[in-house]
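Right, one structure below, let's go through it.
2 protein chains.
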Amino acid sequence: MITLNIVCVGNLKEKFWQEASKEYEKRLTKFCKVKITELAEQNKYENIEKIKEVEGEDILKHIEGKAFLLDIGGVQYSSEEYARVIETSSFSVSTITLVIGGSYGVSEKVKQAIKDKISFGKATYPHNLARIILLEQTYRAFMINGGGKYHK
Amino acid sequence: MITLNIVCVGNLKEKFWQEASKEYEKRLTKFCKVKITELAEQNKYENIEKIKEVEGEDILKHIEGKAFLLDIGGVQYSSEEYARVIETSSFSVSTITLVIGGSYGVSEKVKQAIKDKISFGKATYPHNLARIILLEQTYRAFMINGGGKYHK
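Respectively, the protein sequence lines represent chains A and B. Taking numbering that gives the first Met the number 0, the leading residue of the first sequence gets 0, the next gets one more, and so forth. Taking numbering that gives the first Met the number 0, the leading residue of the second sequence gets 0, the next gets one more, and so forth.
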């Protein structure tokens, strides 16, 4: 069974995001092992580049297997296309890492280290909503690949 | 104060979606009146076209002011562009209607009646998540237009 390693900066503060996350994590366990690594937001620095640099070092330590970075400028997939990306990766590795940056995005070093960038559209989302979108789309991907009926 | 009229098919079943919706509705009341009209899902019909036709008639009865339809094939905006769409509409009408279709999408009649279509990317979302995305992006739009600081 493949491991889904979700590496994200910052935690889910509101209870409803936590519950939404739990629900999709539960649904995903039918298809994969889910590991969520919440890294600390570096809010002790004033300099944004410094924040991204420190958070970036932390992100890079947690990459395993094949990694994808959520990036507004990344490749935009339909749900079916994203399902194929997940399926193809599942054939070659035992862990897929999905990275969601912090409030200020990620450092150039992270962008260069993670070549595969996924975009869920031109809109900017808060990191908590981005995490739920990612979980839902990944669950949808497994459902599409497994031929399950899921359209709501 | 402008009225935001959100017309959607189906209700939010899970508590966490209800709580997420409540939170963004509350935040939006700083900028607009929020009216959410949940229309019944027509699950007594087997024929999908019939479902969309009946739901479509219901949707069209609830359109007020300037209407936008959430449509995967619509115009994709960045959050800043969407903010301008909301701002421009606010100048000419007192109500903005945002329509989210049901599980099977909307009828051709609705697509023809509502010329302005908004897309939040190529991915397919469940209607409950689509509603939260729409609320968050509309709140973000008002924050951008008001010059508020909001990036999380």
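Yeah, the Cβ is synthetic: ideal placement off N, Cα and C, and Gly gets one too.
Subject >> Inter-residue Cα distance where the pair is residue 114 of chain A and residue 85 of chain B >> reply: So the two alpha carbons sit approximately 35 Å from each other.
Original post:
Taking the Cβ atom as the reference point for each residue, do residue 119 of chain B and residue 120 of chain A lie within a distance shorter than 7 Å?
Top reply: Residue 119 of chain B places its beta carbon less than 7 Å from that of residue 120 of chain A.
Original post:
What alpha helix (DSSP H) runs, 4 residues minimum, are completely inside the region 50–126 of chain A?
Top reply: Here the runs fully enclosed are 78–91 and 107–112.
**OP:** Would you tell me roughly how many angstroms separate the C-alpha atoms of residue 17 of chain B and residue 133 of chain B, rounded to the nearest one?
**Re:** Straight-line Cα distance between these residues: approximately 14 Å.
Subject >> Same chain only: Cβ atoms within 8 Å of residue 151 of chain A, ignoring 5 sequence neighbours per side >> reply: Residue placement at residue 151 of chain A is flagged as unreliable, the pLDDT there being 44, under the threshold of 50; the coordinate-derived value follows with that caveat. Its chain contains no residue whose beta carbon lies nearer than 8 Å to that of residue 151 of chain A once the 5 sequence neighbours on both sides are disregarded.
**OP:** Check whether the Cβ of residue 120 of chain A lies closer than 7 Å to any Cβ atom in chain B.
**Re:** For residue 120 of chain A, the answer is yes, since a Cβ of chain B falls inside 7 Å of its Cβ.
Original post:
How do the region 6–14 of chain B and the region 47–63 of chain B stand: do at least 3 beta-carbon pairs fall below 8 Å, yes or no?
Top reply: Touching, per the Cβ criterion.
Original post:
Does the beta carbon of residue 134 of chain B sit closer than 7 Å to a beta carbon anywhere in chain A?
Top reply: Chain A contact via Cβ: absent.
Subject >> Alpha-carbon to alpha-carbon, residue 21 of chain B and residue 77 of chain A >> reply: Going from the Cα of residue 77 of chain A to the Cα of residue 21 of chain B covers about 29 Å.
Original post:
Could you check where the beta strand (DSSP E) with residue 12 of chain A kicks off and where it finishes?
Top reply: Careful: residue 12 of chain A lies outside any beta strand (DSSP E) and carries neither H nor E.
Original post:
In chain order, which continuous runs of the beta strand (DSSP E) of length 3 or greater are located wholly inside the region 18–47 of chain B?
Top reply: Counting whole runs of 3 or more residues, the region 18–47 of chain B contains the beta strand (DSSP E) stretches 32–38.
Original post:
Under three-state DSSP, which class holds residue 131 of chain A?
Top reply: The answer is helix: DSSP assigns residue 131 of chain A an H, G or I state.
Original post:
How many angstroms separate the CA atom of residue 24 of chain A from the CA atom of residue 33 of chain A?
Top reply: Each residue's alpha carbon lies about 7 Å from the other.
Subject >> C-beta atoms of residue 35 of chain B and residue 65 of chain B nearer than 7 Å >> reply: Their beta carbons are not under 7 Å apart, which means residue 35 of chain B does not touch residue 65 of chain B by this criterion.
**OP:** Apply the 10 Å Cβ neighbour rule to residue 136 of chain B and answer buried if 16 or more other Cβ atoms are within range, or exposed otherwise.
**Re:** Residue 136 of chain B should be labelled buried.
Subject >> Residue nearest to residue 100 of chain B in terms of C-alpha spacing, selected from B:43, B:80, B:0 and B:69 >> reply: Looking at B:43, B:80, B:0 and B:69, the one whose alpha-carbon comes closest to that of residue 100 of chain B is B:69.
Original post:
Looking only at DSSP bridge pairs, what is residue 5 of chain A linked to?
Top reply: Residue 5 of chain A is bridged by DSSP to A:35 and A:97.
**OP:** Tell whether a beta-carbon distance below 7 Å holds between residue 89 of chain A and residue 143 of chain A.
**Re:** Taking 7 Å as the Cβ cut-off, residue 89 of chain A and residue 143 of chain A do not qualify as a contacting pair.
Original post:
What residues of chain A sit near residue 82 of chain B, judged by a beta carbon separation below 8 Å?
Top reply: For residue 82 of chain B, no chain A residue has a C-beta closer than 8 Å to its own C-beta; the minimum C-beta separation is roughly 10 Å.
**OP:** Under 6 Å Cβ to Cβ from residue 106 of chain A, same chain only, skipping five residues before and after it: list those, please.
**Re:** A distance below 6 Å between beta-carbons, with the five flanking residues on each side excluded, links residue 106 of chain A to the following residues of its chain, in chain order: 51, 52 and 55.
Original post:
Would you say residue 5 of chain B faces chain A, with C-beta separation under 7 Å as the test?
Top reply: At a cut-off of 7 Å between beta-carbon atoms, residue 5 of chain B makes no contact with chain A.
Subject >> Rounded separation between residue 45 of chain B and residue 108 of chain B - CA only >> reply: Roughly 20 Å between the two C-alpha positions.
Original post:
In or out: residue 145 of chain B buried (at least 16 other Cβ within 10 Å) or exposed?
Top reply: With a 10 Å radius around the Cβ and a threshold of 16 neighbouring Cβ atoms, residue 145 of chain B comes out exposed.
Subject >> Identity of the residue in A:3, A:116, A:81 and A:79 nearest residue 31 of chain A by Cα >> reply: The shortest CA-to-CA distance from residue 31 of chain A to any of A:3, A:116, A:81 and A:79 is the one to A:3.
Original post:
Going along the region 52–83 of chain A in order, which residues come within less than 9 Å of chain B, judged by CB to CB distance?
Top reply: Those residues of the region 52–83 of chain A placed with their C-beta closer than 9 Å to a C-beta in chain B are 71, 75, 76, 77, 78, 79, 80 and 81, ordered along the chain.
Subject >> Minimum Cβ-Cβ distance from residue 137 of chain A to chain B less than 7 Å >> reply: No, no contact with chain B.
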